[in-house]
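Scroll down for the structure; my scribbles are underneath it.
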Amino acid sequence: MQERATAALAAGKTISFVPTMGFLHQGHASLLREGRARGDLLVLSIFVNPTQFGVGEDFESYPRDLQRDSETARDNGVDIIFAPTAGEMYPSGYQTYVNVEKVTLPLCGASRPGHFRGVTTVVAKLFNIVKPTYAFFGQKDFQQLVVISRMVRDLNMDVTVVGLPTVREDDGLAMSSRNAYLSPEERLGARCLSRALAAVSELYHAGEVVVERLRAELLRILDSEPLARIDYAEFRDGDSLEEVGLADDRTVVALAVRIGTTRLIDNIMIAGGVTWKEKC
10 MQERATAALA
20 AGKTISFVPT
30 MGFLHQGHAS
40 LLREGRARGD
50 LLVLSIFVNP
60 TQFGVGEDFE
70 SYPRDLQRDS
80 ETARDNGVDI
90 IFAPTAGEMY
100 PSGYQTYVNV
110 EKVTLPLCGA
120 SRPGHFRGVT
130 TVVAKLFNIV
140 KPTYAFFGQK
150 DFQQLVVISR
160 MVRDLNMDVT
170 VVGLPTVRED
180 DGLAMSSRNA
190 YLSPEERLGA
200 RCLSRALAAV
210 SELYHAGEVV
220 VERLRAELLR
230 ILDSEPLARI
240 DYAEFRDGDS
250 LEEVGLADDR
260 TVVALAVRIG
270 TTRLIDNIMI
280 AGGVTWKEKC
């Protein structure tokens with residue numbers, strides 16, 4: 010992979026890169042389409058990264074389907090699929106990790122200790138291997154996007170990080186590989202996330218900026234769903250991820266909610282709201 014990337018760059022080509030853990034959906038496809046439009050060479054990585062999973066999390070059961078992913082890759086103009094093994098990425102004696110500090114502490118960082126160390130380490134390694142000109146990430150994983158952008162700035166990495174909007178199902182549920190875990194009943198219950206985010210955005214656009222009042226509406230809708238157990242429901246600055254008391258157009262509303270045993274995340278920039286074809 011490094012040799013292919015080096016040769017492409019030496020020939021004056023640009024490289025678009027979409028790093029994933031596979032089990033691709035239309036959210037990933039949107040990243041691939043943008044990458045195809047921007048770069049000469051489009052690289053997709055598929056790697057379920059063990060270092061970003063904690064004890065008792067779903068590393069072993071995480072959905073995998075390389076054949077189906079290959080078909081999605083072909084349909085979206087991918088030139089190279091890079092699918093290394095865990096042993097290739099973390100050979101015997103491996104002991105080097107990348108740690109981004111403040112922005113990894115709240116939200117998923119508080120709920121999943123060590124998760125972002127695994128994310129930043131594997132993304133740094135992938136950047137060194139693929140040598141991308143552009144790297145594409147979905148805004149559904151908003152904190153991940155902030156963390157990777159900070160790592161790239163702080164370590165002077167020669168790559169442009171591009172964040173693209175969350176892609177949703179027709180009923181508003183943010184597309185995620187983990188949606189496959191949901192039973193039909195849980196799938197209906199999961200709509201409470203996007204419904205709560207939409208309601209808060211509407212309240213903000215009606216003039217409410219006091220976060221505690223906005224949070225009360227957010228929690229009211231989430232608590233009305235019997236299957237939902239809230240991990241966090243927070244209002245943060247979209248750049249620093251610090252807590253805010255008054256919302257403005259840079260405020261991100263971030264959720265992590267368990268529906269049954271499945272942990273789902275979702276977010277919006279409060280000024281942008283939630284849009285989908287059919288509101289739930």
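Here the sequence shown is numbered in my numbering, starting from 10 and rising by one per residue.
A virtual CB, placed ideally from N, CA and C, is assigned to each residue, including glycine.
**OP:** On a CA-only basis, which of Arg42, Thr81, Gly96 and Ser25 is nearest phenylalanine 56? Give me that one, please.
**Re:** Checking every option, the nearest Cα to that of phenylalanine 56 belongs to Gly96.
Original post:
Smallest Cα separation from alanine 38: which of Ile138, Thr175 and Ala263?
Top reply: For alanine 38, the nearest C-alpha among the options comes from Thr175.
**OP:** Just grab the DSSP bridge partners of threonine 15 for me.
**Re:** Threonine 15 is not bridged to any residue.
Original post:
Just checking my contact of glycine 31 with arginine 83 at CB under 8 Å: how many whole Å lie between their CB atoms?
Top reply: About 15 Å; that fails the 8 Å criterion.
Subject >> Inter-residue spacing [alpha-carbon to alpha-carbon] between valine 283 and glutamate 211 >> reply: Across the structure, valine 283 and glutamate 211 are spaced so that their CA atoms are roughly 9 Å apart.
Subject >> Residue ranges of each beta strand (DSSP E) within the segment 112-175, 3 or longer >> reply: Whole beta strand (DSSP E) segments, 3+ residues: 143-147 and 169-173.
**OP:** Over the uninterrupted beta strand (DSSP E) stretch that includes glutamate 251, give me the two end residues.
**Re:** Glutamate 251 -> no beta strand (DSSP E), and no H or E assigned at all.
Original post:
Of the residues Tyr241, Val253, Val261 and Arg245, which one's Cα is nearest the Cα of leucine 273?
Top reply: Nearest to leucine 273 by alpha-carbon distance, out of Tyr241, Val253, Val261 and Arg245, is Tyr241.
Subject >> Cβ shell of isoleucine 230 (< 8 Å), same chain only, five flanking positions each side left out >> reply: If you ignore the 5 residues before and after isoleucine 230, its C-beta comes within less than 8 Å of the C-beta of Cys201, Arg204, Ala205 and Ala208, all in its own chain and listed in chain order.
Original post:
Which of the three DSSP states, helix, strand or coil, is assigned to glycine 269?
Top reply: When secondary structure is reduced to three states using DSSP, glycine 269 falls in the coil class, being assigned neither helix nor strand.
Original post:
Is it true that the CB of tyrosine 106 sits closer than 8 Å to the CB of glycine 44?
Top reply: No, Cβ-Cβ distance for glycine 44 and tyrosine 106 is not below 8 Å.
Original post:
So, are the CB atoms of proline 59 and leucine 135 less than 8 Å apart?
Top reply: 8 Å or more divides the Cβ of proline 59 from the Cβ of leucine 135.
Subject >> Same chain, Cβ closer than 8 Å to glycine 63, five either side skipped, listed in chain order >> reply: The beta carbon of glycine 63 lies closer than 8 Å to those of Arg121, Pro122, Gly123 and His124 in the same chain, with the five residues before and after it left out.
**OP:** State the Cα-Cα distance for the pair arginine 238 and arginine 224, rounded to the nearest angstrom.
**Re:** In this structure, the straight-line span from the alpha carbon of arginine 238 to that of arginine 224 is close to 16 Å.
**OP:** Identify, in the order they occur along the chain, each residue of the same chain with its Cβ nearer than 7 Å to the Cβ of arginine 259, setting aside the five sequence neighbours on each side.
**Re:** Only Asp246, Gly247 and Asp248 meet the Cβ criterion.
Original post:
So which of Lys111, Thr270 and Asp257 has the shortest CA-CA distance to aspartate 297?
Top reply: With the chain represented from 10 up to 289, any question about residue 297 goes unanswered, as that position is not in the structure.
Original post:
If you follow the beta strand (DSSP E) that aspartate 232 is part of, which residue opens it and which one closes it?
Top reply: Looking at the DSSP string, aspartate 232 is not in any beta strand (DSSP E); the run it does join, the alpha helix (DSSP H), is 220-232.
**OP:** Could you tell me the distance, in whole angstroms, from the CA atom of leucine 41 to the CA atom of arginine 77?
**Re:** So the alpha carbons of these two residues sit roughly 15 Å apart.
Subject >> Chain-order list of residues whose beta-carbon lies under 7 Å from that of threonine 130 (same chain, five-residue window excluded) >> reply: Thr60, Tyr106 and Val107.
**OP:** Identify whether glutamate 194 lies in helix, strand or coil by the three-state DSSP scheme.
**Re:** In this structure, DSSP gives glutamate 194 a helical state, which the three-state scheme calls helix.
**OP:** Would you kindly work out how many angstroms separate the C-alpha atoms of arginine 196 and asparagine 188, rounded to a whole number?
**Re:** About 8 Å.
Original post:
Cβ of valine 253 within 8 Å of Cβ of isoleucine 277?
Top reply: At least 8 Å separates the beta-carbon of valine 253 from that of isoleucine 277.
**OP:** Measure the CB-CB distance between glycine 65 and lysine 149 and report whether it falls below 8 Å.
**Re:** Result no, Cβ atoms of glycine 65 and lysine 149 do not sit closer than 8 Å.
Original post:
Can you tell me whether DSSP reads proline 100 as helix, strand or coil?
Top reply: Coil.
Subject >> Per DSSP, the bridge partner or partners of tyrosine 241 >> reply: Tyrosine 241 pairs with Ala265.
Original post:
When the Cα atoms are used, what is the spatial distance from arginine 13 to alanine 46?
Top reply: Answer to the nearest angstrom: the Cα atoms are 20 Å apart.
Original post:
If we ignore side chains and look at the alpha-carbon of each, how far apart do histidine 34 and tyrosine 103 end up?
Top reply: The straight-line gap from Cα to Cα measures roughly 32 Å.
Original post:
Shortest alpha-carbon distance to serine 54 belongs to which of Ser79, Ala20 and Gly198?
Top reply: Ranking Ser79, Ala20 and Gly198 by Cα distance to serine 54 puts Ser79 first.
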